[in-house]
Each structure stands twice: as structure tokens, then as C-alpha cells.
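Heads up: the sequence shown begins at 1 in the UniProt record's numbering, then just goes up one per residue.
Built from N, CA and C at the ideal position, the CB exists for glycine as well.
Please read all numbers here as calculations on a predicted model, not as lab measurements.
Everything on this sheet refers to the single structure shown next.
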Amino acid sequence: MFFIGIFGINSRSKKIKEVSFRCTGCLNKKGELTENSNVFEFFFIPVFKFSKKYILICTKCKSMYKIHDSSIEKILETEKVDYEDMEEVIYENRICECGEKIVDGYEYCPKCGKKL
Ligand SMILES: [Zn+2]
Ligand SMILES: [Zn+2]
């Protein structure tokens, strides 16, 4: 958080709900949909929100996916995120079935040798 005199800009993250999806990183099927916004504050009172972003976080590997704003209503109704609802991958963790963390670029798990 930083201040310009008595004004402040604060970044907030709020959990909206748990949804089902297929994580491309670890093949987990559960994620948390969060709303992230920057809040403009005046004397610590939130005045308005701007640059709202919806981010889906995998509950297992913590991979993060940015969600299309236009898909939010559908997701809240169905509690399901499809591949086309994801705008971009912010951060992806790849984890092998054996639990080994995979470094980008590897095609085989360095621990158990399984093809990924
Ligand atoms: Zn995952
Ligand atoms: Zn492995």
C-alpha cells in the first residue's frame, strides 16, 4: 500500500466461491474464484474500486488463471469454469502424479520418469 498524502491505493482480494475446473498444471478439479481490485481510499474509507480482475486459483498447486469478465455470470450460475473462460495463464505450477514439481520445458518427470 502506498499513500499520496491522505489518499491511498489499496489492493484487495476477495474470495467469491469455489468452482470446478480442470487445472492444466496438476489436473486437480477444484479452484477458488477471487475478485481482485484496486481500491482508492480517502482517510482509509474506500471511495471507489477500479481495475477489477477475476482470478482463478487452483486449490492444490496454486496456479493462477485470469478469467474473462464476460464469463463471470455464467460461472456464478454453473459453478464451473471451462477452458474458454480463461483469458490467460498468470502462473502455472506443473506437478507430476508422484508429487514432484516440474520445471518448465521438461517433458519427462525427473523423479519417476513419467511422460507429462
Ligand atoms: Zn493445479
Ligand atoms: Zn513423477
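- Our two residues, V19 and E41, have alpha carbons roughly 31 Å apart in a direct line.
- Within the same chain, I67, H68, S71 and I75 come within 7 Å of D85 by CB-CB distance, once the 5 residues on both sides are set aside.
- Taking 7 Å as the cut-off, one finds at least one heavy atom of ligand 1 near enough to the beta carbon of G25.
- According to DSSP, N36 shares a beta bridge with S13 and K53.
- The continuous alpha helix (DSSP H) containing E77 extends over residues I72 to T78.
- Between T34 and K62, the CB-CB gap reaches or exceeds 8 Å.
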